[in-house]
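Participant: Just so we're aligned: the sequence shown equals residues 3 to 116 in our numbering.
Cβ coordinates follow ideal geometry from the N, Cα and C atoms, glycine included.
A quick note: this is a predicted structure, and the numbers were derived from the prediction, not measured.
Please find one structure pasted underneath; my questions will follow.
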Amino acid sequence: MLALFGVTEPIPNDRSDPAQIFIRQTAKHSLDQFRLRIGRYPTTKEGLSALAERPSEIVRNWGGPYILGPLPLDPWGRPYHYRCPGIHNINTYDLWSLGPDGELSSDDIANWQR
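This is how it looks when you write it as structure tokens:
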């Protein structure tokens with residue numbers, strides 16, 4: 003008998019799946035690529051749009067776009083929220099969806115432990 007043990011994150015369900023994937027994989031990868039190229043994450047003011055269009059403050063080495071097309075909306079049709087430096091992730095950024103109810107609450111999907 004073979005047993006596999008490991009630490010895993012809870013498997014998201016329903017409409018939260020695309021939000022989890024965007025926050026924990028797609029945006030994370032794009033933001034990390036931006037940081038590698040520029041030396042920092044986009045500021046809160048630049049926001050996630052810095053991944054799709056070169057911010058005016060960055061004259062050289064932008065190297066993007068890091069996300070093709072318009073920025074995706076969360077599964078409930080609302081923009082994702084981004085803050086850098088983060089309050090919850092003080093050395094990186096906070097990225098979250100307000101979830102199904104559209105308000106800061108326990109159903110939010112975020113890149114920090116809730």
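Can you say whether P72 is buried or exposed, counting buried as having 16 or more other CB atoms within 10 angstroms of its CB?
Facilitator: Flag for P72 reads exposed.
Participant: Does the Cβ-Cβ distance between S108 and D76 come in under 7 Å?
Facilitator: The Cβ-Cβ distance between S108 and D76 does not fall below 7 Å.
Participant: List in chain order: all unbroken beta strand (DSSP E) runs of 3+ residues lying wholly within the stretch 54 to 108.
Facilitator: If we require 3 residues or more, the beta strand (DSSP E) runs fully inside the stretch 54 to 108 come out as 83 to 85 and 96 to 99.
Participant: Using the rule of at least 16 other Cβ atoms within 10 Å of the residue's Cβ for burial, across every protein chain shown, is D110 buried or exposed?
Facilitator: buried
Participant: How should L53 be labelled, buried or exposed, when 16 other C-beta atoms within 10 angstroms of its C-beta is the threshold for buried?
Facilitator: Buried, because 16 or more other Cβ atoms sit within 10 Å of the Cβ of L53.
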